[in-house]
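K.L.:
Number of protein chains: 2
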Amino acid sequence: MQRRRIRDIRHDEFVAATIRGVHERGFGQVTMAEIAQQAGSSAASIAYYFGSKEKLLEATMRHLLGMLKAAMLARYATANTAQDRLRAVIDANFDDQLFTPEQCSVWVQFWSHAPYSKRLSRLHRINRARVESHLHAELRQIVPEDSVGAVTATVQAYMDGVWLEAAQSGGACDPADARRQARIVLERLVV
Amino acid sequence: MQRRRIRDIRHDEFVAATIRGVHERGFGQVTMAEIAQQAGSSAASIAYYFGSKEKLLEATMRHLLGMLKAAMLARYATANTAQDRLRAVIDANFDDQLFTPEQCSVWVQFWSHAPYSKRLSRLHRINRARVESHLHAELRQIVPEDSVGAVTATVQAYMDGVWLEAAQSGGACDPADARRQARIVLERLVV
DNA sequence: AAAACTTGAATGATCATTCAATTTTTTGAT
DNA sequence: ATCAAAAAATTGAATGATCATTCAAGTTTT
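Line by line, the protein sequences are chains A and B.
For the first sequence, the working numbering begins at 260 and goes up steadily by one.
For the second sequence, the working numbering begins at 260 and goes up steadily by one.
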């Protein structure tokens, strides 16, 4: 019935423990043993499932990237106009499930490691291209042809910057407010 | 005449070597020995001058923060209107001397370490507050009172996001174009 | 019975940091 | 200027701590 049962359970537990551990100590500082402890397991077990610490980060990011993609598609499903779909992309970025202090921290750690890892930079490139492509598709129906690229880049920079600052401030994230602010910014940019 | 001569020379050499080393390998990966080699010296010498690896990063950031401050003040000197001073803040952020691949990388490494270091997070907070205060002061003369805070935050997020993406793309930075784009964004935001 | 899972302990590599010994530079008195 | 003493600078090598990773020996699940 479920051949991959335990493997899947452990996978998710370790990813969750990694998110917590990375948030609390940073990826470079947190040890395999600490992450394992968060998951009630042993460092050797993580090695068994993931192979290496870097692969663990990669798996964790695949998880977050998957959630982002899912959040975006879910919102797309009920969006009928280009405006709505544009908002869907941005709102997904600040989804209640995604825009949390823990996940903001993990993103920053990811950004700091990606330039030095072929596998991580590939993940980053793919995700960025996907978001860019969605923004591009909608914006081309809203703003003049010659400013589509610039607005796309601006929106991406803005969203990344908000995540970055959220990680620095450490405190609470307010996803609803972030979506509201982003909407205001968007209205200014696409007039 | 120059009591601190050698100390100052070494200080600057090591900071320059750190910028290069961190850009090439990341702060967590680069070793004291590698940085020392870049500076034609030894790891022990860095310890003699800076005390620890973290203090070396701190000194390097103080250097970059100082350059940012100087770039801003220099542009302020010739700015006469609130508009001009606002642009001065933004242009300083994308100054030819600052917006380079090497320095963008160092900033990202700094961001990833700041949340876990009291001294680094303090530096971050101080710099951010200073930039915010300048933006705030000019924006309050340009945009409605109730949107000053939001626009300030937006501009900061945008600038950070641009630096972040520059570090990811690894390639060349185009400071003049970055200033041009920022100006366009600003025009939209402050209308 | 086999396959999957688990982990304590060993391994080995890595490095920041320290230290002792040496060289270089500065100081200040003549 | 000269020189000796002090201060500053330099570094090879030792230290010690940290950890990811491996492995062998078990346990649990299929």
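C-beta: ideal position from N, C-alpha, C; glycine also.
Since the structure is predicted, the reported quantities are computational estimates derived from the model, not experimental observations.
Are the stretch 295–311 of chain B and the stretch 332–351 of chain B touching by the rule of at least three beta carbon pairs closer than 8 Å?
P.N.:
Too few Cβ pairs lie closer than 8 Å, so no.
K.L.:
To test your reading of the DSSP string, which unbroken alpha helix (DSSP H) runs of 4 or more residues are found completely within the stretch 325–385 of chain A?
P.N.:
341–352 and 360–372, all fully within the stretch 325–385 of chain A.
K.L.:
Interface residues of chain A around GLU424 (chain B) at Cβ under 9 Å?
P.N.:
Ordered by position in chain A, the residues that pass the 9 Å Cβ test against GLU424 (chain B) are ARG387, ALA412, GLN415, ALA416 and ASP419.
K.L.:
Identify the contact partners of LEU327 (chain B) in chain A, using a Cβ-Cβ distance below 7 Å as the criterion.
P.N.:
Neighbours of LEU327 (chain B) on chain A: none; closest Cβ ~16 Å, over 7 Å.
K.L.:
State buried or exposed for GLU397 (chain A), treating a residue as buried only when at least 16 other CB atoms are found within 10 Å of its CB.
P.N.:
With 16 or more Cβ atoms within 10 Å of its Cβ, GLU397 (chain A) is classed as buried.
K.L.:
With a Cβ-Cβ cutoff of 9 Å, do TYR375 (chain A) and ALA416 (chain B) count as a contact?
P.N.:
Cβ distance not < 9 Å, so TYR375 (chain A) and ALA416 (chain B) don't count as in contact.
K.L.:
Tell me whether ARG399 (chain A) sits in a helix, a strand or coil according to DSSP, three-state version.
P.N.:
ARG399 (chain A) falls in the coil class under three-state DSSP.
K.L.:
When you compare the CB positions of LEU323 (chain A) and PRO434 (chain A), do they come within less than 9 Å of one another, or not?
P.N.:
It is not a contact, given that the beta carbons lie outside the stated cut-off.
K.L.:
Judging by CA-CA distance, which residue of A:ASP405, A:VAL449, A:GLN440 and A:CYS363 is the nearest neighbour of ALA431 (chain A)?
P.N.:
Of A:ASP405, A:VAL449, A:GLN440 and A:CYS363, the residue nearest in Cα terms is A:CYS363.
K.L.:
Three or more C-beta pairs closer than 8 Å, one from the stretch 271–281 of chain B and one from the stretch 378–393 of chain A: is that the case here?
P.N.:
No, they do not touch.
K.L.:
Give the DSSP-derived three-state secondary structure of SER428 (chain A) in the structure shown.
P.N.:
Helix, per DSSP.
K.L.:
Between A:GLN288, A:GLY285, A:PHE286 and A:GLN296, which lies nearest to GLU272 (chain A) when the distance is taken from Cα to Cα?
P.N.:
Ranking the options by Cα distance to GLU272 (chain A), first place goes to A:GLN296.
K.L.:
Tell me, please, whether the CB atom of SER311 (chain B) is closer than 9 Å to any CB atom in chain A?
P.N.:
Answer no: the Cβ-Cβ gap between SER311 (chain B) and chain A never drops below 9 Å.
K.L.:
Residues of chain B with CB closer than 9 Å to the CB of LEU448 (chain A), please, in chain order.
P.N.:
By Cβ distance, chain B contributes VAL444, ARG447 and LEU448.
K.L.:
Quick one: using the 10 Å Cβ neighbour count with 16 as the cut-off for buried, is GLY325 (chain A) buried or exposed?
P.N.:
When all chains shown are included, GLY325 (chain A) counts as exposed.
K.L.:
For ILE349 (chain A), collect the residues of the same chain with a Cβ closer than 8 Å to its Cβ; drop the 5 residues on either side in sequence, then sort them by chain order.
P.N.:
Correct list, in chain order: VAL414, MET418, ARG438, ALA441, ARG442 and LEU445.
K.L.:
Taking C-beta pairs closer than 8 Å, name the residues in chain B that GLY430 (chain A) reaches, listed in chain order.
P.N.:
Simply none; closest approach about 11 Å.
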